[in-house]
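Undergrad:
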Amino acid sequence: MNAILEVLKATIPAGTPLLLGALGEIYVERSGILNLGVEGIMIMGAVSAFGVTAITGNVWLGVILSALIGGGMSLIHAFNSITLKANQTLSGLALTMLGLGLSGLIGKRYIGMPLPNKIYNLPILGLKDIPLLGPVLFDQDPIVYISYILAFVFWFFLFNTRFGLELRSVGESPDVADSAGIDVFRIQYLAVFIGGIMAGLGGAYLSVFYAPAWIEGMTAGMGWIVLAITIFSLWRPERAVVGSYLFGGIRVLQYKLQPFGISPNILNMLPFIFTILVLMLASKEISRKKISAPSSLGIPYFREKIT
Amino acid sequence: MTRRYSNSFLSILVIILGFLAVYLISGVRPDIILKSIVISAFGSVYGLSETLTKSIPLVLCGLGLSLSFKASIWNIGAEGQLLMGAVGATWVVLYLMPNAPRLILILAMFLMGAILGGIWALITAILKVKFNLNEIIVSLMMNYIAIEFVNYLVYGPWKSPYEWGFPYSTKFPLSAQLSRISDTRIHYPTLILAIILAISLYIVLNKTKLGYEIRVIGDNIEAARYAGLDIPKIVLVVLLLSGGLAGLAGVGEVAGIHHRLRVASGISPGYGYTAVIVAWLGRLNPLLIILVSFLFGGLLVGGDAIQVSLGLPGATINFVNGLILIFVLVQSVSKARISYVRKRKK
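Quick mapping for you: the protein sequence lines, in order, are chains A and B. Residue numbers for the first sequence follow this note's numbering, so the first one is 1 and each next one is one higher. Residue numbers for the second sequence follow this note's numbering, so the first one is 1001 and each next one is one higher.
1) State yes or no: is the C-beta of A/A282 within less than 8 Å of the C-beta of A/G24?
2) To which residues of the same chain is B/S1200 closer than 6 Å at the C-beta, ignoring the five residues directly before and after it?
3) Closer than 8 Å, CB to CB, is B/I1196 near chain A or not?
4) Nearest CA to the CA of B/S1268: which residue from B/E1079, B/S1049, B/Y1212, B/L1052?
5) Under 9 Å Cβ-Cβ, which residues of chain A neighbour B/S1268?
6) Closest to B/I1033 by C-alpha separation, out of B/E1135, B/L1063, B/L1052, B/V1308, would be which residue?
7) Roughly how many angstroms lie between the CA atoms of A/V38 and A/L201, to the nearest whole one?
8) Please classify B/E1213: is it buried, with 16 or more other beta-carbons within 10 angstroms of its beta-carbon, or exposed?
9) Compute the distance between the beta-carbons of B/V1105 and B/V1093, then report whether it is under 8 Å.
10) Anything in chain A within Cβ reach of B/I1025, meaning under 7 Å, just list it in chain order.
11) Shortest alpha-carbon distance to B/I1123 belongs to which of B/A1114, B/R1102, B/S1139?
12) Between the beta-carbon of A/L93 and the beta-carbon of A/I43, is there less than 8 Å?
13) Considering only residues of the same chain and omitting the five flanking positions on each side of A/L267, which have a CB-CB separation below 7 Å?
14) Provide the residue span of the alpha helix (DSSP H) that contains A/A151, from first to last.
15) I'd like the span of the alpha helix (DSSP H) that includes A/S292, first residue to last.
16) Here's the rule I'm using: 16 or more other beta-carbon atoms within 10 Å means buried, otherwise exposed. How should B/E1148 be labelled?
17) Using a Cβ-Cβ distance cut-off of 8 Å, determine whether A/E216 contacts chain B.
18) Output the distance between the C-alpha atoms of A/I291 and B/F1019, rounded to the nearest integer angstrom.
19) According to DSSP, is A/Y301 part of a helix, a strand, or is it coil?
20) Secondary structure at B/Y1168, three-state DSSP: helix, strand or coil?
21) For the candidate residues B/A1121, B/D1183, B/G1085, B/G1118, whose alpha-carbon lies nearest to that of B/M1109?
22) Which one of A/A151, A/I286, A/V208 has the shortest CA to CA distance from A/L113?
23) So what does DSSP say about B/R1180, is it helix, strand or coil?
24) Can you pull the chain A residues whose beta carbon is under 8 Å from the beta carbon of B/Y1155, in chain order?
25) In terms of DSSP beta bridges, what is B/R1262 paired with?
26) If we define contact as Cβ-Cβ less than 8 Å, is A/K85 a contact residue for chain B?
27) Please list the partners that B/Y1152 has in chain A, where partner means a Cβ-to-Cβ separation under 7 Å.
28) Step through the CB atoms of chain B and report whether any lies within less than 8 Å of the CB of A/I276.
29) Is any beta-carbon of chain A found at less than 8 Å from that of B/E1148?
30) Is it true that the CB of B/G1165 sits closer than 8 Å to the CB of B/G1243?
31) Do B/G1256 and B/H1187 have their beta-carbon atoms positioned less than 8 Å apart in this structure?
32) In whole angstroms, give me the CA-to-CA distance for B/Y1023 and A/A54.
33) Any C-beta of chain B sitting closer than 8 Å to the C-beta of A/L100?
34) Where does B/D1219 fall in DSSP's three states?
35) Taking C-beta pairs closer than 7 Å, name the residues in chain B that A/M44 reaches, listed in chain order.
36) Indicate the three-state DSSP secondary structure (helix, strand or coil) for A/H77 in the structure shown.
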């Protein structure tokens, strides 16, 4: 029983960087933009958070800067895909290459460096004594709690506010939204920026809280898994929570299975094989429930068309 | 016209900002980096031979990718397909027919490499056609799986007992090693194969029914549907060929250069990803891709050089690649825009 609780407790932080990234990417894709640069933004978030924390000793400064760097980087993609109406797939791939390269360049001096202060878990009094769930959910680090709140906020805003409605309508049919007086480009820029902030935060969590260390290329495909979770979530924040912790669980399983003599290389394949399985599940559900991706996903919107 | 100039201005700005960033972070002057790259890659016979050597896998992967991209299939999986080709060659040489005569052995290696590379891409194709999965994510996942698979083989079942514990397979016998031009590493059988295939692909794309169908699907999938094309079949064929071409590149690397299977990062420093840029910069034109591959081969050689001489991390070249891709992107936009505006004016 304790072993199971331990696995569950480790699952939450393992899934947190994915959850942060996926919440953001859901907003991006809901606005009709496909950002394949998540991997590159996450790793830039990771290196900048680690660097700032190592230099200043202040974790929160690192976290805030990584969010800004993530947001700033995503604006390159926003400019390419919204203003220039360039190919979004290529722009995203370019962003990933830029991020992987630049983070390697910046991070060279941080390899093997410890962080000055260790981050402790912050059990929430009262809640952590709930049987079973308490120690799993409420004996975690502060960013995990922030991610709970953000998941709720992202869900709430998407389905219960005017901004959420505008966001969804822009992604479904930008020309209709436009003729209803919604500033399509403003909404899209905002969504991509939010996505960048969240991916940056996800990276910061990875290097400062989860690892905590800087390793070149440490995101190791997490950005792509975020994109898979976004599809699995059917573009709904509440389902992204489920998807992210599923992958978190796989990651924990990877470590727990190591002592049993299975090749670490085979174990390393697990999240990637699981990604494909999860996408197949999502695809079945999409066709069964007749849901679809935001209709204008990946298609540039030319305002001239309706005038 | 002003828009075309403003975009050219923008793409040059991107490059300048990029080099400025490298300077600010590393303290190495951009002109020194550029000079170092150019001289090491193109400034000597040795440099040129290395550039040509590294351009061989880029041509093959670039050709494969351009075929996919022509059909608007986003195969980003050349890296994994290349690695599976390397596995195929090693399998043939060390386990399936180690005692076969040279010519048969070499043909069998290339064949098996193409088959395994093709099958690897076919998995992506089947998932796309049958389950409607996004091929970008799937082909990337297949890359990661292939990398772990190669590493599993060289650390596990295929690890050689004769290599002092290094993660290497047993060395290939001489009969399985491709010939090289004098004392360079240019394994010319693969080079010749790549050039022949580039010309063939050019003919297939421009002169055959399959090529026509691929272009129709790529340009306008709705039109292809109306025309009654068997789209799933063409997607499968395109990805099979695409992966097969990348697989050949993997055969060339193990049989021409390393003479053994080794860890994935030792076989390919990311040829499959660089080839994405090669394919686009070559405008998906097989003949142009040969030329662009040579330039990027040089960039890879230069990347190694700045690592050694200037102490910059290997990832720097990733950054340069990303900059070039944005450059290509902005350039391509100016053309698309102009044709769009022209259409509207009519």
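Backbone N, C-alpha and C fix where the C-beta goes; we use that ideal spot for every residue, glycine too. A quick note: this is a predicted structure, and the numbers were derived from the prediction, not measured.
TA: Reading it off the structure:
1) As a position in the first sequence, residue 282 of chain A is number 282, starting the count at 1. As a position in the first sequence, residue 24 of chain A is number 24, starting the count at 1. Cβ atoms of A/A282 and A/G24: not closer than 8 Å.
2) Start at 1 with the first residue of the second sequence, and residue 1200 of chain B comes out as number 200. Counting only Cβ-Cβ distances below 6 Å, and skipping sequence neighbours, we find nothing.
3) Numbered from 1 along the second sequence, position 196 holds the residue referred to as residue 1196 of chain B. No, B/I1196 lies away from the interface with chain A (no Cβ there is under 8 Å from its Cβ).
4) As a first step, residue 1268 of chain B must be located in the second sequence, where it is residue number 268. Ranking B/E1079, B/S1049, B/Y1212, B/L1052 by CA distance to the CA of B/S1268 puts B/E1079 first.
5) As a position in the second sequence, residue 1268 of chain B is number 268, starting the count at 1. Simply none; closest approach about 15 Å.
6) Stepping through the second sequence from its first residue, residue 1033 of chain B is reached at position 33. Per the Cα distances, B/V1308.
7) One-based indexing of the first sequence puts residue 38 of chain A at position 38. One-based indexing of the first sequence puts residue 201 of chain A at position 201. Between A/V38 and A/L201, the C-alpha separation is close to 11 Å.
8) As a working mapping, residue 1213 of chain B is identified with position 213 in the second sequence. Buried, since its Cβ has 16 or more Cβ neighbours within 10 Å.
9) In the second sequence, the residue the question calls residue 1105 of chain B occupies position 105. In the second sequence, the residue the question calls residue 1093 of chain B occupies position 93. Note on residue identity: the sequence assigns Leu, not Val, to residue 1105 of chain B. Taking 8 Å as the cut-off, the Cβ atoms of B/L1105 and B/V1093 count as close.
10) Here residue 1025 of chain B is taken as the residue at index 25 of the second sequence, counted from 1. Here the neighbours are L105, I106.
11) For the purposes of this step, residue 1123 of chain B is identified with residue 123 of the second sequence, where counting begins at 1. Of the listed residues, the one whose Cα sits closest to B/I1123 is B/S1139.
12) Mapped onto the first sequence, residue 93 of chain A falls at position 93. Mapped onto the first sequence, residue 43 of chain A falls at position 43. No; because the gap between Cβ atoms is not below 8 Å, this pair is not in contact.
13) Sequence index remark: in the first sequence, residue 267 of chain A carries index 267 (1-based). The residues are Q254, L257, Q258.
14) Along the first sequence, read from residue 1 onward, the residue named residue 151 of chain A stands at position 151. Segment 142-160, the alpha helix (DSSP H) holding A/A151.
15) Position 292 of the first sequence, counted from the start, is the residue given in the question as residue 292 of chain A. It is not in any alpha helix (DSSP H) - A/S292 carries neither H nor E in the DSSP assignment.
16) Position 148 of the second sequence holds residue 1148 of chain B. Buried.
17) Taking the first sequence and counting its residues from 1, one reaches residue 216 of chain A at position 216. Cβ-Cβ to chain B under 8 Å: yes for A/E216.
18) On the first sequence, residue 291 of chain A is found 291 positions in, with the first residue counted as 1. On the second sequence, residue 1019 of chain B is found 19 positions in, with the first residue counted as 1. Each residue's CA atom was taken as its position, placing A/I291 and B/F1019 some 45 Å apart.
19) One-based indexing of the first sequence puts residue 301 of chain A at position 301. Of the three classes helix, strand and coil, the one that applies to A/Y301 here is coil, per DSSP.
20) Locating residue 1168 of chain B in the second sequence gives position 168, counting from the first residue. Correct three-state label for B/Y1168: strand.
21) As a position in the second sequence, residue 1109 of chain B is number 109, starting the count at 1. Closest by alpha carbon: B/G1085.
22) Sequence index remark: in the first sequence, residue 113 of chain A carries index 113 (1-based). This sequence places Met at residue 113 of chain A; Leu is not what is there. Scanning A/A151, A/I286, A/V208 for the CA closest to the CA of A/M113 turns up A/V208.
23) Position 180 of the second sequence, counted from the first residue, corresponds to residue 1180 of chain B. Correct three-state label for B/R1180: coil.
24) Position 155 of the second sequence, counted from the start, is the residue given in the question as residue 1155 of chain B. By Cβ distance, chain A contributes S263, N265.
25) The sequence position of residue 1262 of chain B within the second sequence is 262, counting from 1. B/Y1168, per the DSSP bridge assignment.
26) Within the first sequence, the letter at position 85 stands for residue 85 of chain A. Interface residue, yes.
27) Counting from 1 along the second sequence, the entry for residue 1152 of chain B is found at position 152. In chain order, S263, N265, I266 make up the part of chain A whose C-beta sits under 7 Å from the C-beta of B/Y1152.
28) For the purposes of this step, residue 276 of chain A is taken as residue 276 along the first sequence, with counting starting at 1. Yes, contact with chain B.
29) By 1-based counting over the second sequence, the position of residue 1148 of chain B is 148. Residue-level contact check: B/E1148 touches chain A, since one or more beta carbons of chain A fall below 8 Å from its beta carbon.
30) Along the second sequence, read from residue 1 onward, the residue named residue 1243 of chain B stands at position 243. Along the second sequence, read from residue 1 onward, the residue named residue 1165 of chain B stands at position 165. Going by beta carbons, B/G1243 and B/G1165 fall outside the 8 Å limit.
31) By one-based count along the second sequence, residue 1187 of chain B stands at place 187. By one-based count along the second sequence, residue 1256 of chain B stands at place 256. Cβ atoms of B/H1187 and B/G1256: closer than 8 Å.
32) Along the second sequence, read from residue 1 onward, the residue named residue 1023 of chain B stands at position 23. Along the first sequence, read from residue 1 onward, the residue named residue 54 of chain A stands at position 54. Whole-angstrom Cα-Cα distance: 22 Å.
33) Taking the first residue of the first sequence as position 1, residue 100 of chain A is located at position 100. The Cβ of A/L100 sits closer than 8 Å to at least one Cβ of chain B.
34) Locating residue 1219 of chain B in the second sequence gives position 219, where the first residue counts as 1. B/D1219 carries a helical assignment under DSSP once its states are collapsed to helix, strand and coil.
35) The residue labelled residue 44 of chain A in the question sits at position 44 within the first sequence. Those within 7 Å of A/M44 in chain B number zero; the least Cβ separation is about 11 Å.
36) By 1-based counting over the first sequence, the position of residue 77 of chain A is 77. DSSP places A/H77 in helix when its eight states are reduced to three.
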